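Asker: Structure incoming, see below.
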Amino acid sequence: MFANRACARSLILGILRDGRVSALQRGDAWTAMGLCLRTLEIEPHDEHSFQTIMWLHARKGERSELVSWYNRCRDRLMLDLDVNPAPLTMRLLTEGMRSGLPELPTELLAIS
Numbered sequence: 028m029f030a031n032r033a034c035a036r037s038l039i040l041g042i043l044r045d046g047r048v049s050a051l052q053r054g055d056a057w058t059a060m061g062l063c064l065r066t067l068e069i070e071p072h073d074e075h076s077f078q079t080i081m082w083l084h085a086r087k088g089e090r091s092e093l094v095s096w097y098n099r100c101r102d103r104l105m106l107d108l109d110v111n112p113a114p115l116t117m118r119l120l121t122e123g124m125r126s127g128l129p130e131l132p133t134e135l136l137a138i139s
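Using the numbering used here, read the sequence shown as starting at 28 and increasing by one per residue.
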């Protein structure tokens with residue numbers, strides 16, 4: 028039973044990831060945001076989802092939301108896993124605060 032749940036979870040996360048990448052490629056911010064939020068409900072440490080949400084807020088000039096999502100990501104990673112956010116997460120924060128419109132990082136389009 029456990030193996031089936033783990034397999035189903037992995038499959039669902041893969042579908043959500045692929046959908047997020049597709050939505051970003053199409054420029055569909057609304058769908059990308061929804062898929063990231065759903066992913067974080069299942070996998071609360073999915074840093075690509077946090078990064079995508081941060082980028083979407085930075086793109087709209089919503090700096091307070093950008094910082095809020097960075098803090099959520101940092102806190103969740105530090106408290107639960109005792110790790111720092113990835114360099115890309117920090118770059119999104121600093122570029123987003125500086126310019127408000129960072130380029131879409133190619134790392135967010137990678138399907139891994």
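We put the CB at the ideal spot given by N, CA and C, even for glycine. All values reported here derive from a predicted model rather than from experimental measurement.
For I80, collect the residues of the same chain with a Cβ closer than 7 Å to its Cβ; drop the 5 residues on either side in sequence, then sort them by chain order.
Answerer: Within the same chain, I80 has close Cβ partners M60, C63 and W96.
Asker: Step through the CB atoms of chain D and report whether any lies within less than 8 Å of the CB of V110.
Answerer: Of the protein chains in the structure, only one exists, and it is not chain D.
Asker: Considering D102, what are the terminal residues of the alpha helix (DSSP H) in which it resides?
Answerer: Unbroken alpha helix (DSSP H) run through D102: R90 to R103.
Asker: Hey, how far is the Cα of L93 from the Cα of H84?
Answerer: Using only the alpha carbons, I get a separation of about 6 Å.
Asker: Excluding sequence positions up to five away, which residues of its chain have a Cβ less than 8 Å from the Cβ of L136?
Answerer: Cβ within range, chain order: V48, L51 and Q52.
Asker: Please go through the same chain and pick out, in chain order, the residues whose beta-carbon is closer than 7 Å to the beta-carbon of L43, but skip the five residues on each side of it.
Answerer: Excluding positions up to five away in sequence, the list reads L62, R65 and T66.
Asker: Hey, quick one: how far does the alpha helix (DSSP H) through P112 stretch, first residue to last?
Answerer: No alpha helix (DSSP H) holds P112; DSSP gives it neither H nor E.
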